[in-house]
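Scroll down for the structure; my scribbles are underneath it.
Protein chains: 2
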Amino acid sequence: MLREDLPLPLCVLRDSALERNITRFQSFAESSGVLLCPHAKTSMAPALFGRQLAAGCWGLTFATCAQVEVARRHRVPRVFYANQLVGAPDVRYVCGELRRDPGFDFYCLVDSAAGVRLLAERVARSDPGRPLQVLVEGGLAGGRCGVREVGTAIEVAEAVRAAGPRLALAGVEGFEGLVQNRDPGRREADVREFLAFLARIAAALDARGLFGTEEVLVSAGGSAFYDLVTEELAALSLGRPHRVVLRSGCYLTQDHGLYDHLLEDIHRRTGSADPALEPALEVWAQVLSVPEPGLVILSAGRRDFGQEAGNPIALTHVRLGTTECRSLRESGWRMAAASDQHAHMTAPPGHGVEVGDLVALGPSHPCTTFDKWREIHLVDDDYNVIETIATYF
Amino acid sequence: MLREDLPLPLCVLRDSALERNITRFQSFAESSGVLLCPHAKTSMAPALFGRQLAAGCWGLTFATCAQVEVARRHRVPRVFYANQLVGAPDVRYVCGELRRDPGFDFYCLVDSAAGVRLLAERVARSDPGRPLQVLVEGGLAGGRCGVREVGTAIEVAEAVRAAGPRLALAGVEGFEGLVQNRDPGRREADVREFLAFLARIAAALDARGLFGTEEVLVSAGGSAFYDLVTEELAALSLGRPHRVVLRSGCYLTQDHGLYDHLLEDIHRRTGSADPALEPALEVWAQVLSVPEPGLVILSAGRRDFGQEAGNPIALTHVRLGTTECRSLRESGWRMAAASDQHAHMTAPPGHGVEVGDLVALGPSHPCTTFDKWREIHLVDDDYNVIETIATYF
Numbered sequence: 001m002l003r004e005d006l007p008l009p010l011c012v013l014r015d016s017a018l019e020r021n022i023t024r025f026q027s028f029a030e031s032s033g034v035l036l037c038p039h040a041k042t043s044m045a046p047a048l049f050g051r052q053l054a055a056g057c058w059g060l061t062f063a064t065c066a067q068v069e070v071a072r073r074h075r076v077p078r079v080f081y082a083n084q085l086v087g088a089p090d091v092r093y094v095c096g097e098l099r100r101d102p103g104f105d106f107y108c109l110v111d112s113a114a115g116v117r118l119l120a121e122r123v124a125r126s127d128p129g130r131p132l133q134v135l136v137e138g139g140l141a142g143g144r145c146g147v148r149e150v151g152t153a154i155e156v157a158e159a160v161r162a163a164g165p166r167l168a169l170a171g172v173e174g175f176e177g178l179v180q181n182r183d184p185g186r187r188e189a190d191v192r193e194f195l196a197f198l199a200r201i202a203a204a205l206d207a208r209g210l211f212g213t214e215e216v217l218v219s220a221g222g223s224a225f226y227d228l229v230t231e232e233l234a235a236l237s238l239g240r241p242h243r244v245v246l247r248s249g250c251y252l253t254q255d256h257g258l259y260d261h262l263l264e265d266i267h268r269r270t271g272s273a274d275p276a277l278e279p280a281l282e283v284w285a286q287v288l289s290v291p292e293p294g295l296v297i298l299s300a301g302r303r304d305f306g307q308e309a310g311n312p313i314a315l316t317h318v319r320l321g322t323t324e325c326r327s328l329r330e331s332g333w334r335m336a337a338a339s340d341q342h343a344h345m346t347a348p349p350g351h352g353v354e355v356g357d358l359v360a361l362g363p364s365h366p367c368t369t370f371d372k373w374r375e376i377h378l379v380d381d382d383y384n385v386i387e388t389i390a391t392y393f
Numbered sequence: 001m002l003r004e005d006l007p008l009p010l011c012v013l014r015d016s017a018l019e020r021n022i023t024r025f026q027s028f029a030e031s032s033g034v035l036l037c038p039h040a041k042t043s044m045a046p047a048l049f050g051r052q053l054a055a056g057c058w059g060l061t062f063a064t065c066a067q068v069e070v071a072r073r074h075r076v077p078r079v080f081y082a083n084q085l086v087g088a089p090d091v092r093y094v095c096g097e098l099r100r101d102p103g104f105d106f107y108c109l110v111d112s113a114a115g116v117r118l119l120a121e122r123v124a125r126s127d128p129g130r131p132l133q134v135l136v137e138g139g140l141a142g143g144r145c146g147v148r149e150v151g152t153a154i155e156v157a158e159a160v161r162a163a164g165p166r167l168a169l170a171g172v173e174g175f176e177g178l179v180q181n182r183d184p185g186r187r188e189a190d191v192r193e194f195l196a197f198l199a200r201i202a203a204a205l206d207a208r209g210l211f212g213t214e215e216v217l218v219s220a221g222g223s224a225f226y227d228l229v230t231e232e233l234a235a236l237s238l239g240r241p242h243r244v245v246l247r248s249g250c251y252l253t254q255d256h257g258l259y260d261h262l263l264e265d266i267h268r269r270t271g272s273a274d275p276a277l278e279p280a281l282e283v284w285a286q287v288l289s290v291p292e293p294g295l296v297i298l299s300a301g302r303r304d305f306g307q308e309a310g311n312p313i314a315l316t317h318v319r320l321g322t323t324e325c326r327s328l329r330e331s332g333w334r335m336a337a338a339s340d341q342h343a344h345m346t347a348p349p350g351h352g353v354e355v356g357d358l359v360a361l362g363p364s365h366p367c368t369t370f371d372k373w374r375e376i377h378l379v380d381d382d383y384n385v386i387e388t389i390a391t392y393f
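Chains A and B supply the protein sequences, listed in that same order.
With this note's numbering applied, the first sequence has no gaps in its numbers, which climb one by one up to 393 at the end.
With this note's numbering applied, the second sequence has no gaps in its numbers, which climb one by one up to 393 at the end.
Spelled out as structure tokens, the structure:
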């Protein structure tokens, strides 16, 4: 890649870092006694789904039915649909898959009695041949989907029971990650409080005999607070066995911003360097112009990387015609702006960069960089391309 | 589409509005006496390239070589590459196309003598069989690519002459749209000053006999200030004939935010309702949850629409099971937040929206919504799908 064999910009994954992340996070989940069901909407790359499943993850998590269709085309056997299943074509598709493949294990969420009734009606119209497994979603006030009160959770669970045998209540779910938008000083307490709310829901439904599966799933965990999730939810005591399902997705590649900082927080909270994750995702661009002494214009823009969790940082500079990588990390480079197809970098005097040179950028939040690319190149430590994988967004 | 025949979310273009926009903007350009070469990176939809070319546009503009490859695979005969052409594979590709197809007309930009020398070297290595036509790019201070001084433009043009017959100087180019980021009160003056700068460059290169083509192209014009571009640049007087090339791209679909406001500015400046453009692009989603009285969660998120020029607005509500469209425009709805796959809408009391209902969103800045979709549905005025077109991002 450093020899300009491929057109730029391009998106690369450092294969060795990726492999280490997959192995280390799987071990972390196993040693924490939780099931890992990574959110695979992060990459939407079936080649990576395959690696995660081969490493031993319990299933994969998705957020839209279009994503589930991609997963099923690539033979993913167990799908945790971390969303409300609402659309008529979506319910029809899932029921068809359940009927077609007895080995397909599927879970989705419900958060209102009205939603349960609509779902049950639609399931009835395209008989899946077995109950559709649902979890009650608990939500944060002012947040996204999910019941706000234990009482509502009970109503929803009763609606599920009333919809039997179309539906079966398999557990309780929540996404604590929205707490990220709150005051940093209160985040840990807010996450613990939210997890305690999920635990209260689970206990209330358990006490009323509303669960319809032998084992109860209790699922939470984005990529920011999974240490707290494993700590709080594993301690739960119910009348029947339960398993904690962690859905973190960003461990796959980590990043150079948001999740890098959040991982530091996790290591600080746990007093451990586990899991040791490394950023693996980079966007490489070419210098198109140095129109002013401290301004470098690159051939990648907001159509090539996400910005909603902060701009990418400058990682590496390679002089045109060489393959020597010079780190830009502590060099004072900054992305001043991005347009659709350009990044505007400010660089300190004597930056030594010229038209044609290559510059690598390290994005923050992998999800919004992955989705900019239809092809991603896996590279070895010398940036030789060893595999090119497709994404399906 | 209103009958849930297709999985949601989805992106639609209202065909009638699209057709009117194409016709009206083409007429506007023709009656202004300028050549229209729309920036086609907006849609990257060859089906729409075809409509624009059929309406009579002079050529199409692109910003990356990957985009040019898509255009060429779809037989676009004239490409204005509104960017520096730098990468070795990119130069090789363009030269190969020029050699292969004598009917292919191609223009790209240069903004430094170093860049010209690199380009000339690379052109020499893959002989295109005729001179590569380049325009000197003029840039805004603190902006993107482009020379900041007339003196530099002359140096660059002399480097082009020195690189003859590999390169031929065909004109002068600039992008005034970056002025958008500046103080609104100064924008018009700043744009006029920038266009005057481009005119000074053209005059200086003309006086020195540095243009190498019979007709000189002078090109500017995003979608925000094309009235000023036609006014300022048509008046230019050079020693040889010149044509003004306008590159506006967003007229195709307009939008419900940024370009809607900028069009109002254009109408105010010109004292005319021409061109009369209508927003044609909409993202349709389903209500997944109403978890709190004033909060509606939709099944489309930042992977489905752009936000960098402001959040989409709520356009339309359709009650599940009906096809009656109720306008939400003046109803007080607001997008409070978006996550990857969800929009969090605040809605006033009595919003009357339930799980399963459909809601249409109107994005701001079409470019960053188009690029979220691999397929876009063209719909008639009743939202029946009449064609599904592919995008190539």
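Every residue, glycine too, gets a C-beta built ideally from N, C-alpha and C.
The structure displayed is predicted, hence computed values, not measured ones.
Neighbourhood of residue i by C-beta distance below 8 Å, restricted to the same chain and skipping five residues each side
i, result
"D340 of chain A", "G301, R302 and R303"
"R92 of chain B", "R122, R125 and S126"
"V216 of chain B", "A170, G171, V172, A202, D206, L238, R240, P241, H242 and R243"
"K41 of chain B", "T61, F62, A63, T64, Q67, G249 and C367"
"R144 of chain B", "F175 and L178"
"M345 of chain A", "L295, V296, I297, L298, A314, W333, R334, M335, A336 and V359"
"E308 of chain A", "H365 and T368"
Counterpart residues of residue i in DSSP-defined beta bridges
i, result
"F106 of chain A", "A:V79"
"H256 of chain A", "Note: H256 of chain A sits in no beta bridge, so no partner."
"R334 of chain B", "B:T346"
"T388 of chain B", "B:H377"
"C325 of chain A", "A:V318"
"F62 of chain B", "B:Y81"
"E173 of chain A", "A:E137 and A:S219"
Residue span of the alpha helix (DSSP H) that contains residue i, given as start and end
i, result
"F194 of chain A", "R187 to A207"
"V68 of chain B", "C65 to R73"
Nearest candidate by alpha-carbon position, reference residue i, set the options
i, options, result
"V70 of chain B", "B:A55, B:S248, B:V94 and B:E214", "B:V94"
"A337 of chain A", "A:N384, A:P128, A:I297 and A:E330", "A:I297"
"R73 of chain B", "B:P46, B:N83 and B:L98", "B:P46"
"E375 of chain A", "A:Y383, A:D382, A:V385 and A:T391", "A:T391"
"D101 of chain A", "A:P184, A:F28 and A:V79", "A:V79"
"C325 of chain A", "A:E308, A:E278 and A:D382", "A:D382"
"G151 of chain B", "B:G142, B:V136, B:P165 and B:A163", "B:V136"
"L140 of chain A", "A:R186, A:D90, A:F104 and A:L195", "A:L195"
"C193 of chain B", "B:I154, B:R208 and B:L233", "According to the sequence as given, residue 193 of chain B is Glu; it is not Cys. When each option's Cα is compared against that of E193 of chain B, the closest is B:L233."
"A120 of chain A", "A:V147, A:G103, A:G142 and A:G87", "A:G87"
"G350 of chain A", "A:E155, A:T230, A:S331 and A:F28", "A:S331"
"V110 of chain B", "B:A54, B:L378 and B:N83", "B:N83"
"A55 of chain A", "A:H39, A:G33 and A:S27", "A:S27"
"D5 of chain A", "A:V134, A:Q286 and A:A347", "A:Q286"
"F225 of chain A", "A:L246, A:V218 and A:N21", "A:L246"
"D380 of chain B", "B:D357, B:S272, B:L281 and B:E214", "B:L281"
Delimiting residues of the beta strand (DSSP E) encompassing residue i
i, result
"R243 of chain A", "H242 to L246"
"E354 of chain A", "E354 of chain A -> no beta strand (DSSP E), and no H or E assigned at all."
"V123 of chain A", "V123 of chain A -> not in any beta strand (DSSP E); alpha helix (DSSP H) instead, spanning A113 to R125."
"S289 of chain B", "L281 to E292"
"R14 of chain B", "L10 to R14"
Three-state secondary structure (DSSP) of residue i
i, result
"V218 of chain A", "strand"
"C57 of chain B", "coil"
"G142 of chain B", "coil"
"E19 of chain A", "helix"
"A159 of chain B", "helix"
"Q133 of chain B", "strand"
Neighbourhood of residue i by C-beta, 6 Å cutoff - its chain only, sequence neighbours within 5 removed
i, result
"A199 of chain B", "L236"
"G212 of chain B", "A168 and L169"
Contacting residues, own chain, Cβ-Cβ under 7 Å from residue i (five flanking each side not counted)
i, result
"F393 of chain B", "M44 and D371"
"F305 of chain B", "V283, P312, L361, P363, T369 and K372"
"P165 of chain A", "P131"
Any non-hydrogen atom of the ligand COA closer than 7 Å to residue i Cβ
i, result
"G50 of chain A", "This structure lacks the ligand COA; in fact it carries no ligand of any kind."
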